[in-house]
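Report on one structure; see the data block that follows.
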Amino acid sequence: MFPIPANTDILLADAESENLYLSLIEQINKDFNLANEGIDFPMSISPEELKIQLHEKIYRMIQYKFAEYLNLLYIIDVSEDEIKKLDGSDLVILAEQVSFLILKREWQKVWFRNYYK
Numbered sequence: 125m126f127p128i129p130a131n132t133d134i135l136l137a138d139a140e141s142e143n144l145y146l147s148l149i150e151q152i153n154k155d156f157n158l159a160n161e162g163i164d165f166p167m168s169i170s171p172e173e174l175k176i177q178l179h180e181k182i183y184r185m186i187q188y189k190f191a192e193y194l195n196l197l198y199i200i201d202v203s204e205d206e207i208k209k210l211d212g213s214d215l216v217i218l219a220e221q222v223s224f225l226i227l228k229r230e231w232q233k234v235w236f237r238n239y240y241k
């Protein structure tokens, strides 16, 4: 069954160990483009840099493009219940938590596609 990662670092390590990291990047790029939020992470991006850049992008979207942010969450299919559980009092922490939820959902898509192919 799908191994639910505890945090971003474990998720990215799992993606690398299963040779699905590039597929994860492709899925993120695809869904951001579907939401008209062009973000083209290069295939050579390191997991640490991916984590940082995704966090910054989500932080900026929450601050300046909230409607587009909500649309992105809808397109990626991030659980509404999980979003509602987050504490929005600190935007930096909120953006980090949402980035993890996005990565978790994208990883789930990639993992299932690979597992059931």
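Count along the sequence shown from 1, then add 124; that gives the number in the working numbering.
All residues carry an ideal CB built from backbone N, CA and C; glycine is no exception.
Predicted, not measured: the structure shown is a model, and the values here were computed from it.
Next item on the list: Put Glu206 into one of helix, strand or coil per three-state DSSP.
Entry: helix
Note to self: Do Leu196 and Phe156 count as a contact pair if the criterion is CB distance below 8 Å?
What the structure shows: yes
Note to self: If I follow the unbroken alpha helix (DSSP H) through Ala137, where does it start and stop?
What the structure shows: Start and end: Thr132 to Ser141.
Notebook entry, point to check: Any idea what DSSP makes of Phe165, helix, strand or coil?
Noted result: coil
Check: In whole angstroms, what separates the C-alpha of Pro166 from that of Gly212?
Finding: 30 Å
Next item on the list: Compare the beta carbon distance of Glu206 and Leu148 with 8 Å and say whether it is the shorter of the two.
Entry: no
Next item on the list: Using alpha carbons as the reference points, say which of Leu210, Arg184 and His179 lies closest to Glu220.
Entry: With distances taken between Cα atoms, Glu220 lies closest to His179.
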